[in-house]
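Q: Let me give you the structure first, and then I'll get to my questions.
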Amino acid sequence: MEKLTFENLQETLFHERLDNGLNVYILPKRGFSKTYVTFTTKYGSIDRTFIPRGKEEFVTVPDGIAHFLEHKMFDKKEGDVFQKFGVLGASANAFTSFTRTSYLFSTTDNLYESTKVLLDFVQEPYFTEEKVEKEKGIIAQEITMYDDNPDWQNYFGTIQSLYKEYPVNIDIAGTIETIQEITAEHLYECYETFYHPSNMAVFVIGAVDPEEMMNFIREDQNSKEFSEPIEIKRKYPEEPLEANKKKTVLEMDVLRPKFNYGMKCSRTIMEGSEMLRQDLAVNLVLDILFGKTSEFYTKAYSDHLIDETYHYDFIFEKGYGFAMVESDTEHPSELEAAVRNTLKSQVDNWSISEEDLNRAKKRRIGQFMRSLNSIEFISNQFTQYNFNEMNLFDVVPTLENIQIEHLQDAFSTISNVDSHTVMTIVPGSKEG
Amino acid sequence: MFKKVELQKGVNLYIRRTEQFKTITMSIKWLTELDEKQAASRAVLSNVLQDSNADYPKQSDLRRALDELYGTVFYMDATKRGSSHIITLNMECVNDEYLSTSGVFDEALKLVRSVIFNPNLKDGTFDESIVGREKRTVIERIRSIYDDKGRYAHKRMLELMRPNDPASMSASGTEENVESITTASLLDTYKRMLDKDEIDIYVVGDIQEDELTEKIKTMFNFTAREATRKQYEQQDNEVKEVRQIFERQDMKQGKLQVGYSTPISFFHPDYPKMQVTNGVLGGFAHSKLFMNVREKESMAYTVNSAYAAYYGIVYVMAGIDADLEEKAVKLIGEQIDAMQNGNVTDKELSQTVALLTNSIRSAFDSARGQIEVYDQYKQLDEDFTADKWIEGWNSVTIEDVTEMASQIHLELIYLLSGREA
Numbered sequence: 001m002e003k004l005t006f007e008n009l010q011e012t013l014f015h016e017r018l019d020n021g022l023n024v025y026i027l028p029k030r031g032f033s034k035t036y037v038t039f040t041t042k043y044g045s046i047d048r049t050f051i052p053r054g055k056e057e058f059v060t061v062p063d064g065i066a067h068f069l070e071h072k073m074f075d076k077k078e079g080d081v082f083q084k085f086g087v088l089g090a091s092a093n094a095f096t097s098f099t100r101t102s103y104l105f106s107t108t109d110n111l112y113e114s115t116k117v118l119l120d121f122v123q124e125p126y127f128t129e130e131k132v133e134k135e136k137g138i139i140a141q142e143i144t145m146y147d148d149n150p151d152w153q154n155y156f157g158t159i160q161s162l163y164k165e166y167p168v169n170i171d172i173a174g175t176i177e178t179i180q181e182i183t184a185e186h187l188y189e190c191y192e193t194f195y196h197p198s199n200m201a202v203f204v205i206g207a208v209d210p211e212e213m214m215n216f217i218r219e220d221q222n223s224k225e226f227s228e229p230i231e232i233k234r235k236y237p238e239e240p241l242e243a244n245k246k247k248t249v250l251e252m253d254v255l256r257p258k259f260n261y262g263m264k265c266s267r268t269i270m271e272g273s274e275m276l277r278q279d280l281a282v283n284l285v286l287d288i289l290f291g292k293t294s295e296f297y298t299k300a301y302s303d304h305l306i307d308e309t310y311h312y313d314f315i316f317e318k319g320y321g322f323a324m325v326e327s328d329t330e331h332p333s334e335l336e337a338a339v340r341n342t343l344k345s346q347v348d349n350w351s352i353s354e355e356d357l358n359r360a361k362k363r364r365i366g367q368f369m370r371s372l373n374s375i376e377f378i379s380n381q382f383t384q385y386n387f388n389e390m391n392l393f394d395v396v397p398t399l400e401n402i403q404i405e406h407l408q409d410a411f412s413t414i415s416n417v418d419s420h421t422v423m424t425i426v427p428g429s430k431e432g
Numbered sequence: 001m002f003k004k005v006e007l008q009k010g011v012n013l014y015i016r017r018t019e020q021f022k023t024i025t026m027s028i029k030w031l032t033e034l035d036e037k038q039a040a041s042r043a044v045l046s047n048v049l050q051d052s053n054a055d056y057p058k059q060s061d062l063r064r065a066l067d068e069l070y071g072t073v074f075y076m077d078a079t080k081r082g083s084s085h086i087i088t089l090n091m092e093c094v095n096d097e098y099l100s101t102s103g104v105f106d107e108a109l110k111l112v113r114s115v116i117f118n119p120n121l122k123d124g125t126f127d128e129s130i131v132g133r134e135k136r137t138v139i140e141r142i143r144s145i146y147d148d149k150g151r152y153a154h155k156r157m158l159e160l161m162r163p164n165d166p167a168s169m170s171a172s173g174t175e176e177n178v179e180s181i182t183t184a185s186l187l188d189t190y191k192r193m194l195d196k197d198e199i200d201i202y203v204v205g206d207i208q209e210d211e212l213t214e215k216i217k218t219m220f221n222f223t224a225r226e227a228t229r230k231q232y233e234q235q236d237n238e239v240k241e242v243r244q245i246f247e248r249q250d251m252k253q254g255k256l257q258v259g260y261s262t263p264i265s266f267f268h269p270d271y272p273k274m275q276v277t278n279g280v281l282g283g284f285a286h287s288k289l290f291m292n293v294r295e296k297e298s299m300a301y302t303v304n305s306a307y308a309a310y311y312g313i314v315y316v317m318a319g320i321d322a323d324l325e326e327k328a329v330k331l332i333g334e335q336i337d338a339m340q341n342g343n344v345t346d347k348e349l350s351q352t353v354a355l356l357t358n359s360i361r362s363a364f365d366s367a368r369g370q371i372e373v374y375d376q377y378k379q380l381d382e383d384f385t386a387d388k389w390i391e392g393w394n395s396v397t398i399e400d401v402t403e404m405a406s407q408i409h410l411e412l413i414y415l416l417s418g419r420e421a
């Protein structure tokens with residue numbers, strides 16, 4: 001077990017890679033009564049074309065399968081796994097993203113029993129055709145729920161308008177049509193390929209004794225049999241520089257139009273410290289150009305172009321990345337012009353100063369410190385970074401070392417207007 | 001769990017010293033009686049105070065100062081609880097210990113003082129343009145509920161069950177109430193808030209209690225005031241007939257809300273028993289609703305129950321295919337019938353108590369959670385602790401749950417669904 005101490009943060013991280021390839025991370029947090037445990041596989045909705053374990057040819061599986069698999073993991077021969085967690089007083093959940101599937105629980109009691117339930121249910125697949133069929137009704141309702149959610153439609157519609165080829169443009173849950181094709185055999189094929197311990201990580205944080213917990217997990221894993229780890233072959237299509245569509249308008253039964261300006265990142269094939277620096281640098285540029293201290297924000301808010309729903313974000317993983325500036329607005333075209341002007345004037349004439357940068361850094365450092373109060377944040381963010389070979393605890397030193405030229409470079413990866421799109425949701429009837 | 005210091009009559013400081021967090025968190029709560037007109041005015045006021053003040057006359061000045069203080073969080077909001085309306089000022093800054101600088105908390109306190117005592121007045125009143133802008137913002141907040149179908153369905157259910165009652169009032173008032181606000185009326189609201197509201201100040205973090213108390217005493221010069229806190233009184237809600245109301249929008253899924261009334265409210269001695277009962281019914285993933293409506297019948301992705309304890313309302317919400325409304329209502333009814341007939345297992349009961357325990361203990365793992373949970377429960381017991389409350393849940397029996405279930409009376413079935421259904 002290796003021990004990594006981060007003096008300035010007063011945090012200590014324990015890590016071990018077990019014989020079966022599983023990475024285990026443990027971070028004790030003083031004063032906390034809860035423990036949060038996640039068990040995550042590097043497998044999400046974008047992993048749709050791959051060579052299944054034991055085969056030689058690439059296959060493409062029905063959309064929505066990673067998410068479907070996540071649902072079905074909870075359903076065992078002896079009943080629903082939530083029941084087991086409930087008896088132990090642990091609150092369990094799971095989520096599937098574009099790149100990860102995570103199973104988790106939090107508890108203030110029965111930590112080891114709950115950990116055992118988590119490890120076992122994720123490592124003992126049980127799928128039958130009957131159970132798979134039955135789940136389709138539940139997932140269809142989940143998909144329909146998102147269909148009626150204008151914020152999700154605005155977010156995901158923007159991704160679809162940005163991406164022409166890369167499978168981040170496919171809804172994580174699939175569609176009501178694609179999930180009909182899913183069979184128990186598919187689930188086993190995906191499970192065998194992506195749920196090998198060498199493709200997974202366990203993260204334990206909160207009230208925990210690191211030594212004892214590491215021993216517990218090690219013994220559990222040593223008592224189970226696993227096949228040899230093999231390298232997973234996945235295939236992703238090449239994404240053109242241009243946005244898929246310049247403009248998308250969707251009618252929904254809303255009172256307030258919703259606006260989203262999307263910027264596709266042109267440089268995403270990277271990992272580790274280079275990736276962390278670019279991620280933080282893009283975020284700093286966005287803070288300076290679009291944050292609450294920016295000229296853009298001040299003017300757009302007083303001109304009634306944006307309201308309390310306004311926010312911006314940058315999503316970045318190996319293979320894809322996009323920035324978004326979103327708000328409900330009565331004036332989508334004026335808001336679009338304001339966003340475009342802000343970007344253009346920065347392209348034409350760089351105006352971000354040292355002072356802007358230093359203030360933005362201070363803000364981000366404080367925000368990071370604050371987020372270390374949340375064990376859920378640390379766990380999820382750490383795992384996401386870890387799968388991209390980045391270390392969450394490098395955030396502050398990396399931020400401190402960012403210079404103006406890093407910002408200019410980062411800005412150039414999102415500033416090309418050919419890679420931009422505008423999505424609006426306007427009041428009206430979907431049925432026409 | 002908090003150390004209480006009475007600063008003035010009606011103005012209390014609650015301090016919790018802990019090394020658990022890397023930040024210092026502060027909340028100041030102004031509490032008064034809820035009425036729609038005041039709610040609207042106070043919602044706009046909290047936005048206006050959040051925007052700027054005499055020391056930071058533009059929003060960007062204030063935001064820049066916060067950034068310089070290592071991204072200190074500052075925001076205000078307007079909420080309701082029972083028959084009270086509450087304006088909260090929230091501040092959170094990084095503890096100096098984790099920074100290469102010092103004095104962040106002191107500077108943040110000064111900024112908070114400016115927000116409260118040095119508003120951005122022009123010729124003795126609030127700036128017309130700022131007030132106009134924030135009125136618009138609050139109106140947009142009220143209107144945007146329509147766009148969130150789940151929230152909208154819930155709002156409609158409450159309006160239909162308890163019209164013109166705190167239970168269905170918005171903490172932002174109505175659009176008309178907001179429209180009618182003037183700079184003069186807003187100034188009046190500000191003065192009332194400052195001088196008449198009951199005030200609770202909370203601070204959580206690694207701080208010296210005595211030093212902090214002295215600081216707050218010198219910096220925040222609140223005057224004494226009468227404590228005005230009143231409990232919500234339920235109207236006579238005897239259910240004469242169950243109403244069924246269907247409304248339509250252009251949407252795909254049906255949003256079902258089933259409303260029940262109960263005489264057991266937050267201040268009732270049986271409140272902990274009803275919390276457990278709601279948990280058995282639909283609070284968790286092991287609960288009857290999840291197991292029978294979702295897992296057994298595959299009818300819904302979301303189905304759960306909630307207990308609006310202040311108003312004596314239990315409600316079930318589900319996202320379903322609108323064509324299956326009748327079946328869903330029947331299934332939901334069967335779960336409550338089963339509970340009324342004593343059909344509750346030891347396992348269901350112990351799972352529920354274990355998860356309630358987990359959720360209250362987990363809430364205490366955030367500073368804001370500590371403040372919000374204590375702020376609620378201190379109304380029942382100033383010496384509230386999670387352990388004491390958990391003891392209460394542990395003593396709930398199956399007979400209690402059965403008895404509580406029989407105190408839940410179906411009142412309204414509300415369905416919001418697509419036009420073609």
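Chains as they are written, first to last, in this note's numbering: chain A, 1 to 432; chain B, 1 to 421. Even glycine gets a Cβ: it sits at the ideal position worked out from N, Cα and C. Treat the numbers as computed from the prediction; the structure is a model and nothing was measured.
(1) Who are the neighbours of K292(A) on chain B, taking C-beta pairs under 8 Å?
(2) Hey, I375(B) and K29(B): beta-carbon distance below 8 Å or not?
(3) Could you please give me the residues that DSSP links to L187(B) through a beta bridge?
(4) In chain order, what residues of the same chain lie with their CB nearer than 6 Å to the CB of E192(A), ignoring the 5 residues before and after it?
(5) Leaving out five residues on either side along the sequence, give the residues of the same chain with a beta carbon under 6 Å from the beta carbon of M213(A).
(6) Decide if R419(B) is buried, meaning its Cβ has at least 16 other Cβ atoms within 10 Å, or exposed.
(7) N118(B) and N47(B) - do their beta-carbons sit closer together than 8 Å?
(8) Taking only the alpha-carbon atoms, compute the straight-line gap between K42(A) and L69(A) and give it to the nearest angstrom.
(9) Does the segment 352-368 of chain B come close enough to the segment 267-280 of chain B that 3 or more CB-CB pairs lie under 8 Å?
(10) So, under 8 Å CB-CB, F314(A) and L286(A) are touching, yes? Tell me the CB distance rounded to an integer number of Å.
(11) If you measure between the beta carbons of P257(A) and Y166(A), is that distance less than 8 Å?
(12) Note down, in chain order, every chain B residue with its Cβ under 7 Å from the Cβ of D147(A).
(13) Closest to T23(B) by CA distance: which of Y98(B), K3(B), N12(B) is it?
(14) With three or more beta-carbon pairs closer than 8 Å as the criterion, would you say the segment 142-158 of chain B touches the segment 253-262 of chain B?
(15) State the CB to CB distance for the pair F322(A) and K264(A), rounded to an integer number of angstroms; the pair is presumed to be in contact (CB under 8 Å).
(16) Taking all protein chains shown into account, do 16 or more other C-beta atoms lie within 10 angstroms of the C-beta of A224(B), making it buried, or fewer, making it exposed?
(17) Please specify which runs of the beta strand (DSSP E), each continuous and at least 3 residues long, are wholly inside the segment 28-95 of chain A, giving them in chain order.
(18) Buried or exposed: E431(A), going by 16 or more other Cβ atoms within 10 Å of its Cβ?
(19) Compare the C-beta of H85(B) with all C-beta atoms of chain A and state if any pair is closer than 8 Å.
(20) On a CA-only basis, which of Y307(B), K378(B), L324(B) is nearest Q407(B)? Give me that one, please.
(21) Just to make sure I have the definition right: I need the residues of chain B whose C-beta is within less than 9 Å of the C-beta of M369(A). Which are they?
(22) When you compare only the Cα positions, how much space is there between L7(B) and L13(B)?
(23) Looking at the C-beta of L355(B), does it have a partner C-beta in chain A at a distance below 8 Å?
(24) DSSP three-state call for C93(B): helix, strand or coil?
(25) Per DSSP, which one or two residues make a beta bridge with M423(A)?
(26) Counting Cβ pairs, one atom from each stretch, are 3 or more of them under 8 Å apart for the segment 163-182 of chain B and the segment 73-84 of chain B?
(27) For E411(B), name the three-state secondary structure that DSSP assigns.
(28) Starting from the beta carbon of E142(A), find every residue of chain B whose beta carbon is closer than 7 Å, and list them in chain order.
(29) Report the neighbours of V87(A) on chain B: residues whose CB is nearer than 9 Å to its CB, in chain order.
(30) Taking the continuous beta strand (DSSP E) assigned at M390(A), which residues delimit it?
(31) Bridge partners of D270(B), per DSSP?
(32) Determine the DSSP secondary structure at N373(A), reduced to helix, strand or coil.
(33) Can you list the residues of chain A that N358(B) reaches, using a CB-CB cut of under 8 Å?
(34) Given a cut-off of 8 Å on the beta-carbon distance, is the pair P332(A) and F14(A) in contact?
(35) Hey, would you say P150(A) sits closer than 8 Å to N20(A), going by beta carbons?
(36) How is the beta strand (DSSP E) around I414(A) delimited, first residue to last?
A: According to the structure shown:
(1) Position 292 of the first sequence, counted from the start, is the residue given in the question as residue 292(A). Here the neighbours are Q59, S60, R63.
(2) In the second sequence, counting from the first residue as 1, residue 375(B) sits at position 375. In the second sequence, counting from the first residue as 1, residue 29(B) sits at position 29. Note that residue 375(B) is Asp in the sequence shown here, rather than Ile. Yes. Within cutoff.
(3) Locating residue 187(B) in the second sequence gives position 187, where the first residue counts as 1. Bridge partners of L187(B): none, in fact.
(4) Here residue 192(A) corresponds to residue number 192 of the first sequence, with the count starting at 1. Answer for E192(A): R53, listed in chain order.
(5) Working through the first sequence from its first residue, we reach residue 213(A) at position 213. Excluding positions up to five away in sequence, the list reads I26, V204.
(6) Residue 419(B) sits at position 419 when you count from the first residue of the second sequence. With fewer than 16 other Cβ atoms within 10 Å, it is exposed.
(7) Here residue 47(B) refers to the residue found at position 47 of the second sequence. Here residue 118(B) refers to the residue found at position 118 of the second sequence. Against a cut-off of 8 Å, the Cβ pair of N118(B) and N47(B) comes out as no contact.
(8) What you label residue 42(A) is simply residue 42 of the first sequence in a count that begins at 1. What you label residue 69(A) is simply residue 69 of the first sequence in a count that begins at 1. Roughly 14 Å separates the two Cα atoms.
(9) yes
(10) Indexing the first sequence from 1 puts residue 314(A) at position 314. Indexing the first sequence from 1 puts residue 286(A) at position 286. Contact flag correct, Cβ pair sits at about 6 Å.
(11) The sequence position of residue 257(A) within the first sequence is 257, counting from 1. The sequence position of residue 166(A) within the first sequence is 166, counting from 1. No.
(12) The sequence position of residue 147(A) within the first sequence is 147, counting from 1. Chain B residues near D147(A): K252.
(13) Position 23 of the second sequence, counting from 1, holds the residue named residue 23(B). Here the closest residue by C-alpha is Y98(B).
(14) yes
(15) Your numbering for residue 322(A) matches position 322 in the first sequence. Your numbering for residue 264(A) matches position 264 in the first sequence. The Cβ separation is near 5 Å, so the contact holds.
(16) By one-based count along the second sequence, residue 224(B) stands at place 224. When all chains shown are included, A224(B) counts as exposed.
(17) 35-41
(18) Taking the first residue of the first sequence as position 1, residue 431(A) is located at position 431. Low confidence applies here, because E431(A) scores a pLDDT of 46, under 50, leaving its location unreliable and the question unanswered by this model.
(19) As a first step, residue 85(B) must be located in the second sequence, where it is residue number 85. With 8 Å as the cut-off, H85(B) does not count as an interface residue toward chain A.
(20) As a first step, residue 407(B) must be located in the second sequence, where it is residue number 407. For Q407(B), the nearest C-alpha among the options comes from Y307(B).
(21) As a first step, residue 369(A) is located in the first sequence; it is residue number 369 there, counting from the start. K22, T23, Y70, G71, V94, N95, Y98, L99, listed in chain order.
(22) Sequence index remark: in the second sequence, residue 7(B) carries index 7 (1-based). Sequence index remark: in the second sequence, residue 13(B) carries index 13 (1-based). L7(B) and L13(B): Cα-Cα distance of roughly 7 Å.
(23) Here residue 355(B) refers to the residue found at position 355 when the second sequence is read from its first residue. For L355(B), the answer is yes, since a Cβ of chain A falls inside 8 Å of its Cβ.
(24) By 1-based counting over the second sequence, the position of residue 93(B) is 93. Three-state DSSP puts C93(B) in a strand.
(25) What you label residue 423(A) is simply residue 423 of the first sequence in a count that begins at 1. In the DSSP output, where bridge partners are listed per residue, M423(A) has T248(A), N260(A).
(26) yes
(27) For the purposes of this step, residue 411(B) is identified with residue 411 of the second sequence, where counting begins at 1. Here E411(B) sits in strand by DSSP.
(28) As a working note, residue 142(A) is residue 142 in the first sequence. Going along chain B in sequence order, the residues near E142(A) (Cβ under 7 Å) are Y301.
(29) Stepping through the first sequence from its first residue, residue 87(A) is reached at position 87. Those within 9 Å of V87(A) in chain B are H286, K347, S350, Q351, A354.
(30) Working through the first sequence from its first residue, we reach residue 390(A) at position 390. M390(A) -> no beta strand (DSSP E), and no H or E assigned at all.
(31) Residue 270(B) sits at position 270 when you count from the first residue of the second sequence. None; D270(B) has no bridge partner.
(32) Residue numbering aside, residue 373(A) sits at position 373 when the first sequence is read from its first letter. It is coil, neither helix nor strand.
(33) Along the second sequence, one-based indexing puts residue 358(B) at 358. Those within 8 Å of N358(B) in chain A are K34, G89, A90, S91, S106, T107, T108, D109.
(34) Here residue 332(A) refers to the residue found at position 332 of the first sequence. Here residue 14(A) refers to the residue found at position 14 of the first sequence. No, the pair does not count as a contact, with Cβ atoms beyond the cut-off.
(35) As a first step, residue 150(A) must be located in the first sequence, where it is residue number 150. As a first step, residue 20(A) must be located in the first sequence, where it is residue number 20. No, these two residues do not count as a Cβ contact at 8 Å.
(36) Along the first sequence, one-based indexing puts residue 414(A) at 414. No beta strand (DSSP E) contains I414(A), which DSSP labels as neither H nor E.
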